[in-house]
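Data block below; observations after.
Residue numbers (my numbering): 2 to 205.
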């Protein structure tokens, strides 16, 4: 819930709450399940790993470089909120933290078998690149307020109000972000099916 920062497990047959866990910020994206573990990202800047059985905290990772908090929407949130909704592909979990390019954006691949980062990318939030309004260039790069999408070789990061940026799934290297070419097209909801990525009513 983004209202109270709580993650809840409900009985699918009865709807009765089985357990709950409070984070320290709004939870804006659905958790993902791997084995008997639940992973969820919070505006407090952390990715949480919980037991799917009882909601006990197993581990958490901080996405940004510090614990700085700021006021947003009437509540405290991390300076680097974890708003890159997690996705799991081949036992690797991908998520992102940070929404202001000037403060850096951090994208991670976590090996769920070891809990260690396979790679991280903190340099794609300040790319000097063409902007949607023709002729303008700025260091504005990639931000990540949406569900990440993984395919066989690529990771797509939706910036919320524009088309997704593409990264190498194996190494986290930035590949492309066709912002100016697509103007103000795009949005948060993203899906990949076969050869195509769908975003903002468009197929790429």
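Note that beta-carbon positions come from the ideal geometry of N, C-alpha and C, so glycine has one too. All figures in this text were calculated on a predicted structure; none of them were measured in a lab.
Does the Cβ-Cβ distance between residue 161 and residue 189 come in under 7 Å? Reading the chain shown from its first residue, position 160 is the one you call residue 161. Reading the chain shown from its first residue, position 188 is the one you call residue 189. Their beta carbons are under 7 Å apart, which means residue 161 touches residue 189 by this criterion.
Over the uninterrupted alpha helix (DSSP H) stretch that includes residue 180, give me the two end residues. Locating residue 180 in the chain shown gives position 179, counting from the first residue. Residue 180 -> alpha helix (DSSP H) spans 180–183.
Would you give the residue range spanned by the beta strand (DSSP E) that residue 119 belongs to? Within the chain shown, the letter at position 118 stands for residue 119. 117–122 is the span of the beta strand (DSSP E), which, as asked, contains residue 119.
Bridge partners - residue 164, DSSP secondary structure assignment: Residue 164 sits at position 163 when you count from the first residue of the chain shown. Residue 164 is not bridged to any residue.
Alpha carbon to alpha carbon, how far is residue 146 from residue 185? Give it in angstroms, no decimals. Taking the chain shown and counting its residues from 1, one reaches residue 185 at position 184. Taking the chain shown and counting its residues from 1, one reaches residue 146 at position 145. C-alpha of residue 185 to C-alpha of residue 146: approximately 16 Å in a straight line.
Quick one: is residue 107 buried, meaning 16 or more other Cβ sit within 10 Å of its Cβ, or exposed? Along the chain shown, read from residue 1 onward, the residue named residue 107 stands at position 106. Under a 10 Å Cβ-count criterion, residue 107 is classified as buried, with 16 or more other Cβ atoms of the shown protein chains found around its own Cβ.
Are the Cβ atoms of residue 171 and residue 158 separated by less than 7 Å? Locating residue 171 in the chain shown gives position 170, where the first residue counts as 1. Locating residue 158 in the chain shown gives position 157, where the first residue counts as 1. Not in contact: residue 171 and residue 158 (Cβ atoms no closer than 7 Å).
To the nearest angstrom, how far is it from the Cα of residue 14 to the Cα of residue 34? Translated into positions along the chain shown, residue 14 becomes position 13. Translated into positions along the chain shown, residue 34 becomes position 33. When only Cα atoms are considered, residue 14 and residue 34 end up about 19 Å apart.
Collapsed DSSP secondary structure at residue 127 in the structure displayed: As a working mapping, residue 127 is identified with position 126 in the chain shown. In the displayed model, residue 127 falls within coil according to three-state DSSP, outside both helix and strand.
Sufficient close CB pairs (3 or more, under 8 Å) joining the segment 72–91 to the segment 119–127: No, because fewer than three Cβ pairs between the segment 72–91 and the segment 119–127 fall closer than 8 Å, the two stretches do not touch.
Taking the alpha-carbon positions, what's the residue 137 to residue 181 distance? In the chain shown, counting from the first residue as 1, residue 137 sits at position 136. In the chain shown, counting from the first residue as 1, residue 181 sits at position 180. Cα-Cα distance, rounded: 9 Å.
In terms of residue numbering, what span does the beta strand (DSSP E) encompassing residue 155 cover? Against the chain shown, residue 155 aligns to sequence position 154. Start and end: 155–158.
Residue of 178, 46, 101 minimising C-alpha distance to residue 77: What you label residue 77 is simply residue 76 of the chain shown in a count that begins at 1. With distances taken between Cα atoms, residue 77 lies closest to 46.
Would you say residue 27 lies against chain D (beta-carbon separation less than 7 Å)? Checking the listed chains, one finds no chain D in this structure; it contains a single protein chain.
Determine the DSSP secondary structure at residue 18, reduced to helix, strand or coil. By one-based count along the chain shown, residue 18 stands at place 17. Reduced to three states, the DSSP call for residue 18 is strand.
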